[in-house]
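Peer 1: For the sequence shown, the UniProt record's numbering begins at 1 and goes up steadily by one.
Pasting a structure here, questions to come.
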Amino acid sequence: MTILYIDDDADDAEIFCEAVKRIDPEIKCLITANRRKAFEKVDPCPDFIFLEYRMSQFSGLEVVEQLAKSVCFKVSRIIMYSTFMSDWEMAACKRLGVHSFIRKTGHFTSLIQIIKDQLFPIDPSPAPEELTA
1 MTILYIDDDA DDAEIFCEAV KRIDPEIKCL ITANRRKAFE KVDPCPDFIF
51 LEYRMSQFSG LEVVEQLAKS VCFKVSRIIM YSTFMSDWEM AACKRLGVHS
101 FIRKTGHFTS LIQIIKDQLF PIDPSPAPEE LTA
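Right under this line is the structure:
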């Protein structure tokens, strides 16, 4: 599994990838702060793209608009990961195809669980044996 993390805050990026490694050391976590380099790092397409919405040089929405033109947009699960996003911002990202939104947390153990929930969502459908009982 490969994750591309796009954020201009190097500390946040390091903490994020450390949390990923705690979940599974085999997961590859790529980091970039530069939106142009983000598109160089998407070959082959990552399984997940976690994207900070508020960056100093550009917004997450701008990155999503560019990603929408790439083949990876159809393959990768895109997750906005930010301290705050308005309803309007989330709606705009959702229209472009962002899969989910998560709020940054200041607690490392919470971060691990948040990432784990995105990587391995619980399937609420009943198991086959439950259907026949």
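For every residue, glycine included, the Cβ atom is placed at its ideal position computed from N, Cα and C.
Tell me the DSSP secondary structure of Ser110 in three-state form.
Peer 2: helix
Peer 1: Going straight from the alpha carbon of Ala13 to that of Lys74, what length do you get?
Peer 2: Straight-line measurement puts the Cα of Lys74 at about 24 angstroms from the Cα of Ala13.
Peer 1: Do the CB positions of Ile31 and Val20 come within less than 8 angstroms of each other?
Peer 2: no
Peer 1: Would you identify the three-state DSSP class for Ile27, choosing helix, strand or coil?
Peer 2: DSSP places Ile27 outside both helix and strand once states are collapsed to three, so it counts as coil.
Peer 1: Hey, out of His107, Tyr53, Pro44, whose CA is closest to Ser100's CA?
Peer 2: Minimum Cα distance to Ser100 is reached at Tyr53.
Peer 1: Taking the beta carbon of Asp117 as the centre, do at least 16 other beta carbons fall within 10 Å, making it buried, or is it exposed?
Peer 2: exposed
Peer 1: Considering only their Cβ atoms, is the gap separating Leu51 from Ala68 smaller than 8 angstroms?
Peer 2: Between Ala68 and Leu51, the C-beta spacing is not below 8 angstroms.
Peer 1: Can you tell which of Val98, Asp47, Asp24, Glu18 has the C-alpha that lies nearest to the C-alpha of Leu4?
Peer 2: Asp47
Peer 1: Could you check what DSSP says for Met80 in three-state terms: helix, strand or coil?
Peer 2: strand
Peer 1: Please state if the CB of Met55 and the CB of Asp7 are separated by a distance shorter than 8 angstroms.
Peer 2: yes
Peer 1: Give me the residue from Ala92, Pro25, Ala33 with the minimum Cα distance to Asp9.
Peer 2: Ala33
Peer 1: Report the partner residues of Thr2 according to the DSSP bridge assignment.
Peer 2: Answer is Lys28.
Peer 1: Go ahead and pull the three-state DSSP assignment for Phe101.
Peer 2: strand
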